[in-house]
Amino acid sequence: MYEYSTIGWLKHCIFHPVEGFEDLRWKKKGSIPVAITIVVFLFIAMVVDHQLTGFAYNMNYVKVFNVVPLLVQSVVYFLTWVVGNWALCTLLDGEGTFKKIFIYSAYALVPYIVCTFIAVILSNVLIRDESIWIVAVQWLGMGWSIILMIQAMRAAHQYSFGKTLVSMVGTVIVMLLILFLAVLLISLFQQLYVFIYQIYTEILYRVRG
686 MYEYSTIGWL
696 KHCIFHPVEG
706 FEDLRWKKKG
716 SIPVAITIVV
726 FLFIAMVVDH
736 QLTGFAYNMN
746 YVKVFNVVPL
756 LVQSVVYFLT
766 WVVGNWALCT
776 LLDGEGTFKK
786 IFIYSAYALV
796 PYIVCTFIAV
806 ILSNVLIRDE
816 SIWIVAVQWL
826 GMGWSIILMI
836 QAMRAAHQYS
846 FGKTLVSMVG
856 TVIVMLLILF
866 LAVLLISLFQ
876 QLYVFIYQIY
886 TEILYRVRG
């Protein structure tokens, strides 16, 4: 088993996922700062894809830019995945800690992020008839990251391949529940705020009257 630099471990996991994530686990390597940087680049990739994709391929209304949906689709979804996987796999006797799940999941996203940037560049160069190359790059990034994520979760929790897939499907379900409860909670807080504000304005009106 070789020793690598911080970035070397990242490359080892990306290009040799079966050995890479297992080596990462047994060597207790992996960097939180690198993982956070990857998540930041995930958000940047979302913004670039939304705003800078070539005109012929961009279906978004770029004149009005709202950062919140992109932040949710990148950072919030990622954190929800980590929390959901950690919560579920703790019940399923998984060995992965919150830190490991965070690092390994971030590492697995690198091909998707890189291919998103490449696809944006190609969209500004290729014509519509050559769109197959953009689609191929997008699918390559997504497929590669899915393979990495499967192996990352398998190594983190020391599951069999089948149990890994089941846990990942379960994690998606837990994510939906978390997001639903979050939306419900936000809605309740908004209603509470409106109710308190109405009482406050009513009291203020009567005092002044």
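Be aware that the sequence shown starts at 686, since it is given in my numbering, and climbs by one per residue. Just so it is clear, CB atoms sit at the ideal spot from N, CA and C, and this is done for glycine as well. This structure is a prediction, so every number in the text was calculated from the model and none was measured.
Checklist entry - Which class does His697 belong to by DSSP, given the choice of helix, strand or coil? => result Numbered from 1 along the sequence shown, position 12 holds the residue referred to as residue 697. If DSSP states are grouped into helix, strand and coil, His697 belongs with the helices.
Checklist entry - Just checking my contact of Trp763 with Val724 at CB under 8 Å: how many whole Å lie between their CB atoms? => result In the sequence shown, the residue the question calls residue 763 occupies position 78. In the sequence shown, the residue the question calls residue 724 occupies position 39. Note on identity: in this sequence residue 763 is Phe, with Trp being the wrong assignment. Sure, about 6 Å apart at Cβ, within 8 Å.
Next on the checklist: Tell me the rounded alpha-carbon separation between Leu709 and Gly779.
Outcome noted: Indexing the sequence shown from 1 puts residue 709 at position 24. Indexing the sequence shown from 1 puts residue 779 at position 94. Here the alpha carbons of Gly779 and Leu709 stand approximately 17 Å from one another.
Item to check | For Glu688, three-class secondary structure by DSSP | outcome: Mapped onto the sequence shown, residue 688 falls at position 3. Coil, per DSSP.
Checklist entry - Which residue's Cα is closest to the Cα of Phe771: Lys784, Val760, Trp818 and Val761? => result Counting from 1 along the sequence shown, the entry for residue 771 is found at position 86. Sequence inspection shows Trp at residue 771; the Phe mentioned does not correspond to that position. When only C-alpha atoms are compared, the closest one is Lys784.
Checklist entry - If you draw a straight line from the alpha carbon of Leu776 to that of Thr856, how long is it in whole angstroms? => result Taking the first residue of the sequence shown as 1, we reach residue 776 at position 91. Taking the first residue of the sequence shown as 1, we reach residue 856 at position 171. Cα to Cα, the separation comes out at about 12 Å.
Next on the checklist: For a test of the three-state rule: what should DSSP assign to Met860, helix, strand or coil?
Outcome noted: Stepping through the sequence shown from its first residue, residue 860 is reached at position 175. Of the three classes helix, strand and coil, the one that applies to Met860 here is helix, per DSSP.
Checklist entry - If we ignore side chains and look at the alpha-carbon of each, how far apart do Gln736 and Val767 end up? => result As a working note, residue 736 is residue 51 in the sequence shown. As a working note, residue 767 is residue 82 in the sequence shown. C-alpha separation (whole angstroms): 27 Å.
Checklist entry - At what residues does the alpha helix (DSSP H) containing Thr738 begin and finish? => result Position 53 of the sequence shown, counting from 1, holds the residue named residue 738. Where Thr738 is concerned, there is no enclosing alpha helix (DSSP H), given that its DSSP letter is neither H nor E.
Checklist entry - At which residue ranges does the stretch 838 to 885 contain complete beta strand (DSSP E) runs of 3 or more residues, listed in the order of the chain? => result none
Item to check | Distance between Gln883 and Val820 (C-alpha atoms, nearest Å) | outcome: On the sequence shown, residue 820 is found 135 positions in, with the first residue counted as 1. On the sequence shown, residue 883 is found 198 positions in, with the first residue counted as 1. Near 52 Å, if we compare the C-alpha coordinates of Gln883 and Val820.
Item to check | Cβ-based neighbour list, Leu864, same chain, cut-off 7 Å, excluding 5 preceding and 5 following | outcome: What you label residue 864 is simply residue 179 of the sequence shown in a count that begins at 1. Counting only Cβ-Cβ distances below 7 Å, and skipping sequence neighbours, we find Thr765.
Next on the checklist: Could you check whether Glu707 and Ala840 sit closer than 8 Å to each other, using their CB atoms as the reference points?
Outcome noted: The residue given as residue 840 occupies position 155 in the sequence shown. The residue given as residue 707 occupies position 22 in the sequence shown. Against a cut-off of 8 Å, the Cβ pair of Glu707 and Ala840 comes out as a contact.
Checklist entry - Is the stretch 746 to 758 close to the stretch 796 to 808, with three or more CB pairs under 8 Å? => result no
Checklist entry - Do Ile798 and Leu727 have their C-beta atoms closer together than 8 Å? => result Numbered from 1 along the sequence shown, position 113 holds the residue referred to as residue 798. Numbered from 1 along the sequence shown, position 42 holds the residue referred to as residue 727. Yes, they are a contact pair.
Next on the checklist: Does Leu773 pass the burial test, meaning 16 or more other C-beta atoms within 10 Å, or should it be called exposed?
Outcome noted: Looking up residue 773 in the sequence shown gives position 88. Buried, by the Cβ-count rule.
Checklist entry - Can you tell which of Ile881, Ala837 and Ile871 has its C-alpha closest to the C-alpha of Thr782? => result For the purposes of this step, residue 782 is taken as the residue at position 97 of the sequence shown. Ranking the options by Cα distance to Thr782, first place goes to Ala837.
Item to check | Residue of Lys713, Pro702, Val719 and Lys712 minimising C-alpha distance to Ile692 | outcome: The residue given as residue 692 occupies position 7 in the sequence shown. Proximity to Ile692 across Lys713, Pro702, Val719 and Lys712 peaks at Val719, based on C-alpha coordinates.
Next on the checklist: Under 8 Å, Cβ to Cβ, is there at least one residue of chain B near Met838?
Outcome noted: Structure shown: chain B not included; a single protein chain is present.
Checklist entry - From Phe802, Phe740, Lys748 and Glu704, pick the residue whose C-alpha is nearest to that of Asp734; which is it? => result Counting from 1 along the sequence shown, the entry for residue 734 is found at position 49. Ranking the options by Cα distance to Asp734, first place goes to Phe802.
Checklist entry - With distances taken between CB atoms, is the gap from Leu717 to Ile817 smaller than 8 Å? => result Within the sequence shown, the letter at position 32 stands for residue 717. Within the sequence shown, the letter at position 132 stands for residue 817. Sequence inspection shows Ile at residue 717; the Leu mentioned does not correspond to that position. Cβ atoms of Ile717 and Ile817: not closer than 8 Å.
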